[in-house]
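J.:
Residue numbers (this note's numbering): 24 to 225.
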């Protein structure tokens, strides 16, 4: 069986709304260098180091901006192949979380609603998820999965794990406030700050 090339994720400095409005060209989205081996994408006097490797559709779920309700959009992300090491690089908009259908911004908002606003999980789901129906009518297990992924370093790796004895709301508050602190601007509205911080932390 042929071994699959290692996957690398690179974020372009363009949010999902901007990507939808004007998808970047192959040249615009091409990273400056391979994130795996460091090879230059366009070395002086040489051929391309990162070749366009097609595109693929990717779902992005949840609100795309503060004050919006959860939705679902599909974007075409760009892919590249490194000629030196063979890595496949996928370029995504700012705020897209690797290996997650929900946007990082939506996850950050959900953590804020649970941890700071003390909203019930059912209400958080209605606000963040594109679907209101669920087999679990009184809860939303996805939030617990996100918190577990944070504690295991698989989501928002810059957010430190919570103490073992911390409750669900305490863990969500700790993560949300860390994301707020990572926002590149001061915002009076916490929702805008946590979403900006989550986009940066993704």
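In this text, a Cβ means the ideal position worked out from N, Cα and C, and glycines have one as well.
Does the Cβ-Cβ distance between residue 220 and residue 131 come in under 8 Å?
T.: yes
J.: Could you tell me the boundaries of the beta strand (DSSP E) in which residue 73 lies?
T.: 73 to 84
J.: Tell me which residues share the same chain as residue 200 and place their Cβ nearer than 6 Å to its Cβ, disregarding the 5 neighbours each side in the sequence.
T.: Contacts found: none.
J.: Could you check what DSSP says for residue 132 in three-state terms: helix, strand or coil?
T.: helix
J.: Please report the straight-line C-alpha distance between residue 27 and residue 103, rounded to a whole angstrom.
T.: With a pLDDT of 44 at residue 27, under the threshold of 50, the predicted position of this residue should be treated as unreliable, though the coordinate-derived value follows. Distance between the alpha carbons of residue 27 and residue 103: 14 Å.
J.: Residue 99 lies in the beta strand (DSSP E); which residues open and close that run?
T.: 95 to 105
J.: Would you say the region 133 to 140 touches the region 189 to 205, given that touching needs at least three Cβ pairs under 8 Å?
T.: yes
J.: Taking the alpha helix (DSSP H) that residue 260 belongs to, which residues open and close that run?
T.: This structure gives no information on residue 260, because the portion of the chain shown stretches from 24 to 225.
J.: For residue 51, is the classification buried or exposed, using 16 other Cβ atoms within 10 angstroms of its Cβ as the cut-off for buried?
T.: exposed
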